[in-house]
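Visitor: Numbering (the working numbering), first residue to last: 88 to 178. Glycine is no exception: its CB is placed at the ideal position from the N, C-alpha and C atoms. Given the structure is predicted, the values throughout are model-derived calculations rather than measurements. I have a structure here, written as structure tokens, and I will follow up with some questions on it.
Structure representation (structure tokens):
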């Protein structure tokens, strides 16, 4: 009897973004909407805190193709109220 496996290995690339911006209604929602979430791109983790003036957080993004990182970085920078976006590789 021959048994074959139907599993597919998918190689994901991860990157962590540290972001800061002005605290406002829907700031985090706008950040998540700036990141395409489909079969090729996923938010793996999201953590934010705000003090009424500034919102700070980090998120881990998984993509299948590394060229997405530039697009995601640009989209994060374009979120209204964003002050800084810093990318760090995830080990």
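1. Would residue 144 pass as a contact of residue 110 if the rule is Cβ separation under 8 Å?
2. Tell me whether residue 143 sits in a helix, a strand or coil according to DSSP, three-state version.
3. In the DSSP output, which residue or residues are listed as bridge partners for residue 148?
4. Measuring only the C-alpha atoms, how far is residue 105 from residue 122?
5. Report the option in 156, 150, 130 whose CA atom is closest to the CA atom of residue 115.
Guide: Taking the coordinates as given:
1. Numbered from 1 along the chain shown, position 57 holds the residue referred to as residue 144. Numbered from 1 along the chain shown, position 23 holds the residue referred to as residue 110. No, Cβ-Cβ distance for residue 144 and residue 110 is not below 8 Å.
2. Locating residue 143 in the chain shown gives position 56, counting from the first residue. Here residue 143 sits in strand by DSSP.
3. Locating residue 148 in the chain shown gives position 61, where the first residue counts as 1. Paired residues: 102, 130.
4. Working through the chain shown from its first residue, we reach residue 105 at position 18. Working through the chain shown from its first residue, we reach residue 122 at position 35. In a straight line, the C-alpha of residue 105 is about 14 Å away from that of residue 122.
5. Here residue 115 corresponds to residue number 28 of the chain shown, with the count starting at 1. The shortest C-alpha separation from residue 115 is found at 130.
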